[in-house]
Amino acid sequence: MRLLLARELVREDAPIRGDERGGGLVAARFKAKDQVHPRFPATPQAASTSAVNLPLRLGTRGSPLALAQARLVVEALRAAHGLGEDAIAIIPIRTTGDAIQDRPLAEIGGKALWTKELDRALIDGAIDFAVHSMKDVETLRPGELVIAAMLPRADVHERLIGAESIEALPQDARVGTSSPRRAAQLRAMRPDLRIVSFRGNVATRIARLDKGEAEATLLAAAGLDRLGERDLGAPISPAQMLPAPQQGAIGIETLADSAEMRALLAAIDHAPTRLCVETERALLLALGADCHSPVAALATLDGEILTLDAEILNEDGSETHRRRISAPSETAADEAAILARALLDSASPGLRALFRE
744 MRLLLARELV REDAPIRGDE RGGGLVAARF KAKDQVHPRF PATPQAASTS
794 AVNLPLRLGT RGSPLALAQA RLVVEALRAA HGLGEDAIAI IPIRTTGDAI
844 QDRPLAEIGG KALWTKELDR ALIDGAIDFA VHSMKDVETL RPGELVIAAM
894 LPRADVHERL IGAESIEALP QDARVGTSSP RRAAQLRAMR PDLRIVSFRG
944 NVATRIARLD KGEAEATLLA AAGLDRLGER DLGAPISPAQ MLPAPQQGAI
994 GIETLADSAE MRALLAAIDH APTRLCVETE RALLLALGAD CHSPVAALAT
1044 LDGEILTLDA EILNEDGSET HRRRISAPSE TAADEAAILA RALLDSASPG
1094 LRALFRE
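Residue numbers (this note's numbering): 744 to 1100.
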């Protein structure tokens, strides 16, 4: 069975959510016809239609959150192309990161543990495309693959589970997290807090909290919302706790040389999200950041002006450097690299050692 893709698709996308006008973080709304940004041109189509084989095979991790995100991609493609219920098959793939839950990622291979099995399935032709939480996607990717689309970014806030605020946590409270960034930010705000290593999916972390292994934990609002837990936890402002780079963004990856798949996915690509996320990735690349590096960043778009907030910290939170730049969107990646250099230049040798530069 084959699918013919319509060339003209005009729809209105949702705004980027989770931003705060009071803190200088401004949401953006674009229509599909406005989505092509000069730095990220749409994949050209050779003719008015393209053909792909059905059912399309969408690879994903098998966690409840990953499957929820895969369903969002399926819904977006069905809406954009008028696909039937059986046109896309979700293929769960167990990753090394899912299999090893008792050690921090930084000790066992970093972010590639979430992606390498999906990468191999794409390259081997076992799936046609894959869905990722962009914050789990390493900066340097295999040349055979391309992030062909990103869905509109969701809420970028962190949510604190177990207390109304970080200030309200008891003295010497235990907070569960395996994120070097979150641990460093918490220690910078509250040096008395004790960090307990927490890994696993959302349900696992909540269960550990219920067992009394910690008084609180932090989770991304976007993930909770996608699991239907919109009322769980207290939101932490990005002004207080800047999120992980790329947090809240879903990326869809396919083979770089597959013009048909790239054309199909281009219809659901949200250019403002892509611009912001690519700017955050440019910062990470310029910093030489990896999973050991405590780094936070958030890019937001107001018309043609992009604002990037970024922070680097040492592991115990005793040294932090946070800066902001605003620039025309077409120069955002270059400005991100300049910002990275300014952050590193202001850091001590010990903090710079956490980055590869």
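Glycine included, each C-beta is placed from N, C-alpha and C at the ideal position.
Helix, strand or coil at residue i according to DSSP, with G and I counted as helix
i       : result
Pro934  : coil
Gly976  : coil
Gly802  : strand
Ala987  : coil
Ile1081 : helix
Thr997  : strand
Leu752  : Note on Leu752: pLDDT 28, under 50, position unreliable in the model; the coordinate value appears next. In this structure, Leu752 counts as coil in the three-state DSSP scheme.
Val880  : coil
Ser791  : Only weak support exists for where Ser791 lies, its pLDDT of 27 falling under 50; the coordinates are left without a value.
Arg1099 : coil
Ser887  : Reading off the sequence, residue 887 comes out as Glu, not Ser. Glu887: coil per DSSP, three-state reduction.
Thr1074 : helix
Ile866  : helix
Ala897  : coil
Leu962  : strand
Arg969  : helix
Gly1093 : helix
Thr1043 : strand
Where the alpha helix (DSSP H) containing residue i begins and where it ends
i       : result
Asp1052 : Careful: Asp1052 lies outside any alpha helix (DSSP H), inside the beta strand (DSSP E) at 1048–1056.
Pro807  : 807–824
Glu1023 : 1014–1030
Glu901  : From DSSP, Glu901 is part of no alpha helix (DSSP H) but of the beta strand (DSSP E) over 901–904.
Ala832  : Element bounds for Ala832: not the alpha helix (DSSP H) but the beta strand (DSSP E), 831–835.
Endpoints, beta strand (DSSP E) assigned at residue i
i       : result
Thr1063 : 1063–1071
Glu956  : Run containing Glu956: none; DSSP gives neither H nor E here.
Pro1037 : That residue, Pro1037, is in no beta strand (DSSP E); it is neither H nor E in DSSP.
Arg1005 : Not the beta strand (DSSP E): Arg1005 falls in the alpha helix (DSSP H), residues 1002–1009.
Proximity of residue i and residue j at Cβ, strictly below 8 Å
i       : j       : result
His900  : Gly994  : no
Ile870  : Ile834  : yes
Val795  : Met932  : no
Arg930  : Gly1060 : yes
Glu910  : Ala977  : no
Leu962  : Val945  : yes
Ala987  : Lys878  : yes
Ala830  : Leu799  : yes
His1064 : Ser1036 : no
Ala1096 : Asp1012 : no
Leu936  : Ala950  : no
Residues of its chain near residue i, where Cβ-Cβ distance is below 8 Å and the 5 sequence neighbours each way are ignored
i      : result
Arg782 : Residue confidence is low: Arg782 scores 40 on pLDDT, short of 50, so the model does not pin down where it sits. No coordinate-derived value is stated.
Arg837 : Arg804, Gly805, Glu860
Close Cβ partners of residue i (< 6 Å) along its chain, the five nearest in sequence each way excluded
i       : result
Leu1026 : Ala1040, Ala1053, Ala1079, Ala1083
Gln788  : Summary for Gln788: the model assigns pLDDT 43, below 50, so the residue's position carries little reliability, and this model does not support an answer.
Ala790  : Confidence at Ala790 is low in this model, with a pLDDT of 27, below 50, so its placement is unreliable and no value can be given for it.
Nearest residue (CA-CA) to residue i, options the options
i      : options                : result
Ala813 : Arg902, Asp862, Leu894 : Leu894
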